[in-house]
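Residue numbers (numbering that gives the first Met the number 0), protein chains in the order written: chain Y, 0 to 144; chain L, 0 to 493. Backbone N, C-alpha and C define an ideal beta-carbon position, used for all residues, glycine too. To start, the structure under review is shown below, and the notes come after it.
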Amino acid sequence: MKATYMWLTRLIALTVVLQAAFIAWGTFDIFNAASDGRAFTEDTDYNAGQALHSTFGIMVVPLLALLLLIVSFFARVPRGVIMALVVLGLVVLQIALGLLSFPAPVLGLLHGVNAFILAGVAGFAGRGAGSAPARTPEPEGAAAA
Amino acid sequence: MTAARGRWWTSRWLRLTAAIAVTAGIVGTVGWFWFDSRVPSTYSVMDMGYLDYGGGPATGHVHPGGTSVADLTGSRDDAADVAVTLTARQEEFALGSGEQVTGYTLNHTSPGPTIQVTEGELLEVTLVNESVPDGATLHWHGVDVPNAEDGVAGVTQDAVPVGGQYVYRFRAEDPGSYWYHSHQVSHEQVRRGLFGALVIAPRDAEPEREELAVVHTYDGRRTISGHTGVRRVEAAAGEQVRVRVVNTDNGSLRVSLSGAPYRVAALDARDIHEPTEVTDQAVLLAAGGRADLVLTVPAGGGAARVDIGAGAALVLGPAEAPEPPAAEHDPTVDLLSYGSPAPLGFDPAAPDRRFELRIGRRPGFLDGRPGLWWTMNGKLFPEVPMYVVREGDVAIMTISNSSGDVHPMHLHGHHVVVLSRNGEPATGSPWRTDSLDVDDGESYEVAFQADNPGVWMDHCHNLPHAVEGMITHLMYEGVTTPYLVGGEPDNQPE
């Protein structure tokens, strides 16, 4: 379980990197389409980068954060549950900032900054799991064995 | 030792139980929301959501025995004054300016043929579906037709399957600019071409020079009546031209005029009372909305330009006139104070019903799919209000929006008049509309007369938003619909 916890935190940090990559792809694709005379309007479908960013942001990342929380109950990582809750909270904040940025684009700056905070906290939580000493048998249990 | 060992097992057992319980709680809650959100594959819109009587009498039930939507037809016996057959096909076609598009056509063109009728005439349109796989219908956007002619699959008719046909008959009563489009899988069919313009000319009016500007974006190419880029229309110096702009797209359209002052003579096929001259201001047209802009070609040999952005524009003037540069005006004509007041024709001061439509957005499940979805009065589709009125009622609806995006709200079968925006009363010409942009943070109070019995869709005309659950209905007491969403014809109105 401890290993699962660690790998989930790494996966969450990795999705943040992917999210940055997806949205960069999507943005450049708009410029490229515009240079071909195509308009970007309300009728325009999301391009691949935007669609991936949206799917990952709304579904994949929250699912991973929820899984991390569930795993944290079983993994016995020091402060593991608290860190998983913080990660989940940051994911919720990130989605909220993404939503609020549509009518107020300048909030996108916070969306960008919070992404790095999320990746950092997830990485930190994972290190906690990795560096914690393997669970030593309780003295009584050891004595009984 | 045994006691200590027991304690260890107990604490471990407790911990495990707690972990399992919390996990079950999380998974169970999410699972319940998922399970509860699922929409049956076949249902009647009458069973959707909850009834909202708006403070009026909660009588007159909605169950079998009332008038069927299918009986609320236009004239079936009188001879048609104008008869048109429109054949819908899925095919590859060329835009007027030459680009190839794969989509849908009516009589091999998109936009489909423009239908011209005169006020008072009986129009008969036969829709033939030759090859649109999902089936098709025709909805007369903005025309307050009898309910059976409204063309909404699953509400007022079944979608017309390949090989089938359907006849629409109604009298053209209110002159103005309209359009028609499929209301079956409309987010897909309209975007890809299944629409056209309908113009009802006033009965006793001086003939005037008109230009139709049907705006549509095909695969990212914005067009005016099927032409990309700048389109020149020859008009003599000093000539007055009525430009009928029709927004068939899903987003608001900024229409900027340069080279000549203009007047907004009509909006959504209702005349503006005493419109004043406008310069350096744009008209912001909601999705589905129409504006009649009247301009006079400059006398000095120049041209006027109607710019709709994304490189598309209409240039009106003598052939030798230089093309005015592209212009995009930031300020817009505010219809709340444009023109001068006139009688509304009814009194909204003591309404029979008061409805509320609060638009929001939140994460959740829509028919089992997780995502960020639009809410209506705090709930997700299909837990939406069904507004109930009685014929003859005056109703007021307050539409507010805190969803972060603009929503062009379209009530079928009726025009509403705007009473106030964000609490500020309307002071200009009566602002009658059928496609009203409600922007994020805005609140509109609108009034309408319940004078057209039926079951009417009231939805967001950013059609993908309708797919995402922004659909509600207005229902008259004692009227029922026999049609079902889904079912054998696979009716999918949105």
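A Cβ-Cβ separation of about 5 Å places L:Tyr167 in contact with L:Glu148 under the 8 Å criterion. The way I'd put it, the region 351-370 of chain L doesn't touch the region 411-421 of chain L; fewer than three beta-carbon pairs between them come closer than 8 Å. In the structure shown, L:Tyr103 adopts extended strand secondary structure according to DSSP, grouped into three states. In this chain, L:Ala348 is not harboured by any alpha helix (DSSP H), its DSSP state being neither H nor E.
Listed along the chain, the chain Y residues whose CB falls inside 9 Å of the CB of L:Asn246 amount to none; the nearest CB is some 11 Å away. Going by beta carbons, L:His411 and L:Asp450 fall outside the 8 Å limit. DSSP places L:Gln164 within a strand segment (E or B) once states are collapsed to three.
Under the Cβ distance rule, Y:Thr14 does not count among the residues neighbouring chain L, no pair being separated by less than 8 Å.
It is roughly 17 Å from the alpha-carbon of Y:Gly127 to the alpha-carbon of Y:Leu66. Y:Thr14: not part of any beta strand (DSSP E); member of the alpha helix (DSSP H) spanning Lys1 to Ser34, first to last residue. Residues of chain Y with a Cβ closer than 7 Å to the Cβ of L:Gly370 are, in chain order, Ile57.
DSSP lists L:Ala82 and L:Arg168 as the beta-bridge partner residues of L:Glu123. Think of a sphere of 9 Å around the beta carbon of Y:Ala38: the chain L residues whose beta carbon falls inside it are Thr216, Gly219, Arg220, Arg221, Gly308, Ala309, Gly310 and Ala311, in chain order. Straight across, the Cα-Cα distance linking L:Pro324 with L:Glu273 is about 30 Å. Exclusion of the five residues before and after Y:Ala33 leaves Phe39 as the residues of its chain whose Cβ lies within less than 7 Å of its Cβ.
Under the Cβ distance rule, Y:Phe73 counts among the residues neighbouring chain L, one pair being separated by less than 8 Å.
Y:Asp28 is outside the set of residues whose beta carbon lies under 8 Å from a beta carbon in chain L. Fewer than three Cβ pairs drawn from the region 363-374 of chain L and the region 426-434 of chain L lie within less than 8 Å of each other, which leaves the two stretches out of contact. Minimum Cα-Cα distance from L:Ser339 among the listed residues L:Ile271, L:Glu276, L:Thr125 and L:Glu91 corresponds to L:Ile271.
Secondary structure of L:Phe194 (DSSP, three-state): strand. Short of 8 Å from the beta carbon of L:Glu123, and not among the five residues preceding or following it, lie these beta carbons of its own chain, in chain order: Ala79, Val81, Ala82, Val83, Val166, Tyr167 and Arg168.
Excluding residues up to 5 positions away in sequence, Pro110, Thr222, Thr247 and Asp248 lie with their Cβ nearer than 7 Å to the Cβ of L:His215 in the same chain. For Y:Gly48, the closest of Y:Met58, Y:Leu62, Y:Asp28 and Y:Pro61 by C-alpha to C-alpha distance is Y:Asp28.
L:Asp439 and Y:Pro102 do touch by the CB rule: their CB atoms are close to 4 Å apart, below 8 Å. A Cβ-Cβ separation of about 5 Å places L:Val405 in contact with L:Asp436 under the 8 Å criterion. Under the three-state reduction of DSSP, L:Val21 is assigned to helix. The Cβ of L:Asp279 sits no closer than 8 Å to any Cβ of chain Y. Less than 8 Å separates the beta-carbon of L:Leu315 from that of L:Ala234. Y:Gly122 places its beta carbon less than 8 Å from that of Y:Thr8.
Within the same chain, and ignoring the five residues on either side of L:Glu390 in sequence, the residues whose Cβ sits closer than 8 Å to its Cβ are Ala449, Asp450, Pro452, Tyr475 and Glu476.
By a beta-carbon distance limit of 8 Å, Y:Ala19 contacts Y:Ala114. Their separation comes to about 7 Å.
Closer than 8 Å to the CB of L:Asn249 there is at least one CB belonging to chain Y. For Y:Val60, there is no enclosing beta strand (DSSP E); the residue is found in the alpha helix (DSSP H) stretching over Val60 to Ala74.
Among the CB atoms of chain Y, one or more fall inside 8 Å of the CB of L:Pro362. Within the same chain, Pro260, Tyr261 and Arg262 come within 8 Å of L:Glu276 by CB-CB distance, once the 5 residues on both sides are set aside. The region 85-93 of chain L makes no contact with the region 169-178 of chain L; the number of CB pairs closer than 8 Å stays below 3.
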